[in-house]
Amino acid sequence: MKTVVCPYCGFGCKLLIDPETLRVKPYRGEPNRGKLCPKGLHSVEIVNAKDRLKRPLKRAGSSMVPVGWGEAMDEIAGKLLEIRELYGPDAVAFLASSKVSNEENYLLQKIARLFGTNNIDNCARLCHEASVHALKLTLGTGAQTNPYEDIERFKSVLIWGYNPAETHPVVMDYIRRARKGGARVIVVDVRETTTMAFADYKLIIKPGTDIALANAIVHVIIEEELYDEEFIRSRTVGFSEVRMAVRKYTPEYAERVTGVPAETIVEVARALALAGSGAVMWGMGLTQHVSGVENVLAVIDIALLLGYIGEKGGLYPMRGQNNVQGAAYMGALSEFLPGYVPLTDEKFRKRVASLWGVEDLPTERGLYLTELWDAIEGGDLKALYIVGENPAVSEADFMKVRKSLRKLDLLVVQDIFPTRTARYAHYLLPASAFCEKEGSYMNSERRIQWSERVCEPVGDSKPDWEILTMLGRALGLPGFNYTSVEEVTAEYFRLFPELEEKSVEKLKNSDGIFLPKKRLHTWEFATPDGKARFMAVEMITPWEAPDEDYPLVLTTVRLIGHYNTGEMTLRSPSLVRLMGEPRALINEEDAEKLGIKSGDWVEIETRRGRIRMRAEIGNVPQRLIVVPFHFKANRLTSPALNKAGTPEFKFAAARVRKL
Ligand code: SF4
């Protein structure tokens, strides 16, 4: 049996795959302990999908024609160098992938920076970049603080804007065990979620009012003096500013804003404080708002107030894709070098440059993924090299993105399938699927795990690291002589003091290695003075308020058997069968007013476009329409960005009509 990291969510289950039969069984060790969800169980079905890309293709008029690898790489490199000569290095951008390995993300950001630009980003920008910004600001490190195993021993679990029963089903086992051990489970969301079946408190809030609720919980804890005075005094700064800021957020005020009864807010604040320890877990329900960074700051304030950091608690921004944490850690972000080190850190930057055989690296922040489209429209960006991402569907307001993609002088798409984005490509490069290559991945708890190769790549496809090595060489960049993926692993190990002494062999023979360590901030924070920062935040209203024309609020959600833009799961016959037809959930009274019954076809429209879907009368509040993300929902979503560059996928003014 071969041990392979699941290609789907950021929980990071390991699969045992039989190379002969390709049958999948769950790995018994950490982190999944013998459990898998349907996505992991059926993951190998995509490997032999009929339309796998099997050879490089290049555009010839309206069609794509086969081309050899050597010719393709020479032509792509030639065009990239020509564009750099004419317009400078920032006229080129590279889009890394949260689905490819650490080594592959490391190589792509290395190519971008050696090419001369920080225009390197990945889809962490679309999900948890607000968490990274908030955590860095308050604690000094932009990542999950504790391992999953800690959840089981904490006496409270606060789950906010996050539905793990659908998005990370295996983590539910940890939450269930915590509850069995006496933990109080509190779930905050805009609708009744499947996770709420395991909750002691279900708090259904009006969309976009998270800060009012978090501030009210902080208000009660302070008013009733339930906070951890010693922790606040010795390990934090900014408490008095927060105390002042939350004065007006009484439970009664918060009830009017959020819809959560004042007495429930008081009960929850007390339950959290009296628990004595706690996990605070959140998802994109918190981050994908114009107030995303502030939402996370407000929730972090609750944890700081109670001292729920280190041994007594943990902050869990639960990552979406299997290597989104690794992509970010490897430096595939336009404002950070590897390890979330700012571009302005001259000492580290020069150390990286010297490892790569050059004197220095570019220091200006590059474009965020969500800024690429305006840069193309404005004529500043001429070429885009995409590895394993599908922005023609994954970006908010994707019709605008599709229009921009058509204007590029050069678009290279490196993927396993002909995605929707591939339709605009000048070159289409076939990559190997997850079990056709080896390499390392980092899950949400920052555990680096080795994934083995089970079978040979189909056709003439190649692992992404091999393609990127060819690209680096064709561009004439120094050091692109890798002959094995382990050489790349060993190179990125040298960037991190915690990994310097470790060998790739040790990683292969372990249940993973935590970077920088298993539990962060036990004794001190990674801020200049070693203290955590309370941050006072005020409510920020959503970008697009409902009005007479668009009276509903549209929000997007994930389903257990589907994943992102559906390019993978919609090619898995078992998952398609299991999940059936997608449905938009609508409140009973709204449906009655609109003459809609469960099963009717409806048209859902926002100011950016419309989609058709069957409706289902669901347990959702009035004036809310809940649409699964995986079926072109981004034709509708709002492109308004928060401070971290994440669009407001979770809130758009919408209307619905029966067809
Ligand atoms: Fe894969 Fe996530 Fe499911 Fe585990 S919980 S099998 S990592 S999709």
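Here the numbering used here runs 471 ahead of the position in the sequence shown, where the first position is 1. Just so you know, even glycine gets a beta-carbon here, dropped at the ideal spot from N, CA and C.
In summary, Met715 is exposed, with fewer than 16 beta-carbon neighbours lying within 10 Å of its beta-carbon over all protein chains present. For Val739, the CB contacts under 6 Å within the same chain, skipping 5 residues up- and downstream, are Ile657, Tyr672 in chain order. In the DSSP assignment, Glu546 falls within the unbroken alpha helix (DSSP H) covering 540 to 558.
Non-local beta-carbon contacts of Thr1108 in its own chain, meaning distances under 6 Å to residues more than five positions away in sequence, involve Ala867, Phe1120, Ala1123 in chain order.
Within the DSSP secondary-structure output, Tyr787 pairs in a beta bridge with Met752. Around the C-beta of Asn519, fewer than 16 other C-beta atoms lie within 10 Å, and the residue is accordingly described as exposed.
By the Cβ criterion, the region 725 to 740 is not in contact with the region 568 to 584, since fewer than three pairs of Cβ atoms, one from each stretch, lie closer than 8 Å.
Runs of the beta strand (DSSP E) lying entirely within the region 863 to 914, each at least 3 residues long, are 881 to 886, 898 to 901, 910 to 913 in chain order. In the assembly as shown, Trp994 is an exposed residue. Its beta-carbon has fewer than 16 other beta-carbons within 10 Å. Using a 10 angstroms sphere on the CB of Met870, the tally of other CB atoms stays under 16, which defines it as exposed.
With respect to the 8 Å criterion, Val659 and Cys508 are not classified as neighbours on the basis of their beta carbons. Minimum Cα-Cα distance from Ser748 among the listed residues Leu814, Thr735, Glu623 corresponds to Glu623. By the Cβ-count criterion, Asp592 is buried, with 16 or more other Cβ atoms from all chains shown falling within 10 Å of its own Cβ. Residues of the same chain with a CB within less than 7 Å of the CB of Ile847, apart from the 5 flanking positions on each side, are Ser875, Lys878, Leu879 in chain order. For Gln920, the uninterrupted beta strand (DSSP E) run begins and ends at 918 to 922, by DSSP. Under the three-state reduction of DSSP, Met1006 is assigned to coil, being neither helix nor strand. Considered as a whole, the region 705 to 781 harbours 749 to 753 as its complete beta strand (DSSP E) runs of no fewer than 3 residues, in chain order. By the Cβ-count criterion, Ser955 is exposed, with fewer than 16 other Cβ atoms from all chains shown falling within 10 Å of its own Cβ. Gly983 is classed as buried because its beta carbon has at least 16 other beta carbons within 10 Å across all chains shown. A distance criterion of 7 Å places the beta-carbon of Pro640 in contact range of ligand 1, judged by its closest non-hydrogen atom. Here Arg1004 is buried: its Cβ has 16 or more other Cβ atoms, across all protein chains shown, within 10 Å. Contact between Gly511 and Arg555 fails: their C-beta atoms lie close to 42 Å from each other, not under 8 Å.
Cβ-Cβ distances below 6 Å link Val538 to Pro527, Lys529 in the same chain, with the five nearest sequence neighbours on each side left out; the list follows chain order. At least one heavy atom of ligand 1 is found less than 7 Å from the C-beta of Cys480.
The DSSP-derived three-state label of Pro1099 is strand. Contact between Leu881 and Lys550 holds: their C-beta atoms lie close to 5 Å from each other, under 8 Å.
The C-alpha of Glu553 is placed about 23 Å away from the C-alpha of Glu937. Short note on Asn634: C-beta not closer than 7 Å to any heavy atom of ligand 1. Boundaries of the beta strand (DSSP E) harbouring Pro537: 534 to 537, taken from the DSSP string. At a cut-off of 7 Å, the beta-carbon of Leu1041 does not count as near ligand 1: no heavy atom of the ligand is closer than that.
Ranking Leu486, Ile693, Val829 by CA distance to the CA of Pro497 puts Leu486 first. Here Lys988 is exposed: its Cβ has fewer than 16 other Cβ atoms, across all protein chains shown, within 10 Å. The alpha-carbon separation between Ala1055 and Ser922 amounts to approximately 37 Å. At least one heavy atom of ligand 1 lies closer than 7 Å to the C-beta of Lys510. With a threshold of 7 Å, the Cβ atom of Leu507 counts as near ligand 1, since some heavy atom of the ligand is closer than that. Spatial neighbours of Ala824 in its own chain (CB-CB distance under 7 Å, excluding positions within 5 residues in sequence) are listed in chain order as Glu830, Asp831, Leu832.
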